[in-house]
Amino acid sequence: MTETNRIPVTVLGLGMMGTALAGAFLNNGNRTIVWNRSADKTDALIAEGAVAAGEIRDAVEASPVIVICVSTYEVMNDLLASVADELRGRVVVNLTSGTPEEARDTALWAQENGVEYLDGAIMAVPQMIGLPEALIFYAGNQQVFTEQEELLKPLGGKSVYLGTDAGVPMIYDLGLLSILWSCIAGYVHAQALVGTVGVSAEEFLPFVNTWIEQVIAPAIPKSAKEIDSGRFETDVSSLDVNKAAISHLVKTSKQLNVDNDMSVAIQEMIEKRVAQGHGNHSLASLIEAFKKQESH
Ligand SMILES: NC(=O)c1ccc[n+]([C@@H]2O[C@H](COP(=O)([O-])OP(=O)(O)OC[C@H]3O[C@@H](n4cnc5c(N)ncnc54)[C@H](OP(=O)(O)O)[C@@H]3O)[C@@H](O)[C@H]2O)c1
5 MTETNRIPVT VLGLGMMGTA LAGAFLNNGN RTIVWNRSAD KTDALIAEGA VAAGEIRDAV
65 EASPVIVICV STYEVMNDLL ASVADELRGR VVVNLTSGTP EEARDTALWA QENGVEYLDG
125 AIMAVPQMIG LPEALIFYAG NQQVFTEQEE LLKPLGGKSV YLGTDAGVPM IYDLGLLSIL
185 WSCIAGYVHA QALVGTVGVS AEEFLPFVNT WIEQVIAPAI PKSAKEIDSG RFETDVSSLD
245 VNKAAISHLV KTSKQLNVDN DMSVAIQEMI EKRVAQGHGN HSLASLIEAF KKQESH
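Under the working numbering, read the sequence shown as residues 5 to 300, first letter to last.
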């Protein structure tokens with residue numbers, strides 16, 4: 005047993021994610037104290053060796069490090085405020101999802117109340133918690149992170165510290181989720197289109213996979229280079245070419261009675277950039293159109 009295994013840790017919130025987090029600490033051999041609003045959710049963890057606290061106050065007092073994972077920051081803030089005195093001098097690691105602004109507000113509250121605070125974003129589903137490939141972003145006081153890094157490691161092998169600004173993990177989280185939602189929505193839109201000619205998802209799948217591997221995946225590092233250099237001249241596929249192509253998608257979706265709101269939004273951005281004289285630039289140059297949205 006290592007030094008870290010001997011540290012007791014408290015987990016507040018035993019939804020799907022909190023239960024997985026507590027399970028990972030138990031697997032690591034940590035004395036794990038758990039609390040949840042609905043007490044019945046502690047049963048399975050007690051069977052695995054966890055100690056259930058009847059009151060949130062007792063759960064906090066039992067450990068130097070408190071990991072919290074509940075539905076929203078609003079819920080978390082209320083819970084933390086209810087035990088503010090007990091939290092003084094302890095470390096709170098928040099793994100609840102929200103906005104960067106919410107994370108920064110809670111970090112400020114922690115500072116004002118003498119609580120050490122790390123904010124985290126879990127880029128994994130509960131079933132991945134504890135695996136070496138599970139990615140968790142953290143931010144907050146660097147010394148606090150360094151001191152807790154070993155303790156937090158069993159939650160996800162790919163823990164990454166992103167600096168002192170507590171809002172940054174949520175920005176990364178939302179950025180990656182934006183990719184997830186637009187990719188899956190794009191795929192589902194494509195399937196709705198090919199479905200109109202009787203093609204099943206299984207039949208279309210090989211072409212989707214090839215498209216992602218050979219066209220989409222290589223386009224991302226290329227786009228990253230263009231964005232960082234600010235140079236968008238392309239000999240591959242210009243906004244002029246894409247403007248014509250996406251008009252076919254919008255028109256066809258409408259004709260086939262397939263929702264085209266998402267394509268219209270992309271079309272509007274492309275047309276705006278072309279109208280501004282960037283027709284010879286690549287798709288990655290849409291970054292400028294996205295930045296413009298900030299002023300709205
Ligand atoms: N599940 C995932 O794949 C995943 C992945 C990454 C991040 N996350 C984030 O992790 C957080 C938890 O997600 P989850 O999947 O565990 O959700 P969940 O299963 O719905 O659990 C929600 C938790 O919040 C508690 N809660 C809600 N309202 C409360 C209140 N008013 N007072 C006290 N406790 C309250 C619930 O307690 P009760 O049991 O008493 O209702 C439960 O412990 C969310 O912010 C989510 O975005 C989840």
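Note that CB positions come from ideal geometry on N, CA and C, so glycine has one too.
So A56 and A107 are in contact, right, with Cβ under 8 Å, and what is the actual spacing, rounded? Taking the sequence shown and counting its residues from 1, the one referred to as residue 56 is at position 52. Taking the sequence shown and counting its residues from 1, the one referred to as residue 107 is at position 103. At roughly 28 Å, the Cβ-Cβ gap does not stay under 8 Å, so A56 and A107 are not in contact.
Is it true that the CB of G283 sits closer than 8 Å to the CB of S227? To locate residue 227, count along the sequence shown from 1; it is residue 223. To locate residue 283, count along the sequence shown from 1; it is residue 279. Against a cut-off of 8 Å, the Cβ pair of G283 and S227 comes out as no contact.
Keeping to the same chain, check which residues put their C-beta closer than 6 Å to that of H300; ignore five residues upstream and five downstream. Walking along the sequence shown from the start, residue 300 turns up at place 296. Only weak support is given to the placement of H300: the predicted model assigns it a pLDDT of 39, under 50, and the value that follows is read from those uncertain coordinates. So the list is empty, once near-sequence residues are dropped.
Take E298 and list the residues in its own chain whose beta-carbon comes closer than 7 Å to its own, dropping the five residues that flank it on each side. Sequence index remark: in the sequence shown, residue 298 carries index 294 (1-based). At E298, the pLDDT of 45 sits below 50, so the modelled position is not reliable and the matter cannot be decided from this model.
Helix, strand or coil at S299 according to DSSP, with G and I counted as helix: In the sequence shown, residue 299 corresponds to position 295, counting from 1. Only weak support exists for where S299 lies, its pLDDT of 43 falling under 50; the value from the coordinates is given anyway. Three-state result, S299: helix.
Alpha carbon to alpha carbon, what distance is there between V268 and I274? Reading the sequence shown from its first residue, position 270 is the one you call residue 274. Reading the sequence shown from its first residue, position 264 is the one you call residue 268. Taking the straight line joining both Cα atoms gives about 10 Å.
Quickly, what does DSSP pair S18 with across the bridge? List them, please. Taking the sequence shown and counting its residues from 1, one reaches residue 18 at position 14. Here residue 18 is Leu; the residue named in the question, Ser, does not match the sequence. Answer is none; L18 lacks a bridge partner.
Should M174 be labelled buried (16 or more other beta-carbon atoms within 10 Å of its own) or exposed? Numbered from its first residue, the sequence shown carries residue 174 at position 170. M174 should be labelled buried.
Relative to the C-alpha of R277, which residue among V245, G199, Q259 and K255 is closest? Here residue 277 is taken as the residue at index 273 of the sequence shown, counted from 1. Among V245, G199, Q259 and K255, the Cα nearest to that of R277 belongs to V245.
By the three-class DSSP mapping on this structure, what secondary structure does F236 have? Counted from its first residue, the sequence shown places residue 236 at position 232. Residue state, collapsed to three classes: coil.
Locate the beta strand (DSSP E) running through M127, then write down its first and last residues. Numbered from its first residue, the sequence shown carries residue 127 at position 123. Unbroken beta strand (DSSP E) run through M127: E120 to M127.
At which residue ranges does the stretch 55-88 contain complete alpha helix (DSSP H) runs of 4 or more residues, listed in the order of the chain? 60-65 and 77-86
Candidates A85, W215, A51 and E292: closest to V64 by CA position: Walking along the sequence shown from the start, residue 64 turns up at place 60. Answer by Cα proximity: A85.
Buried or exposed: where does V119 fall if 16 or more other Cβ atoms within 10 Å of its Cβ makes it buried? Taking the first residue of the sequence shown as 1, we reach residue 119 at position 115. Buried, by the Cβ-count rule.
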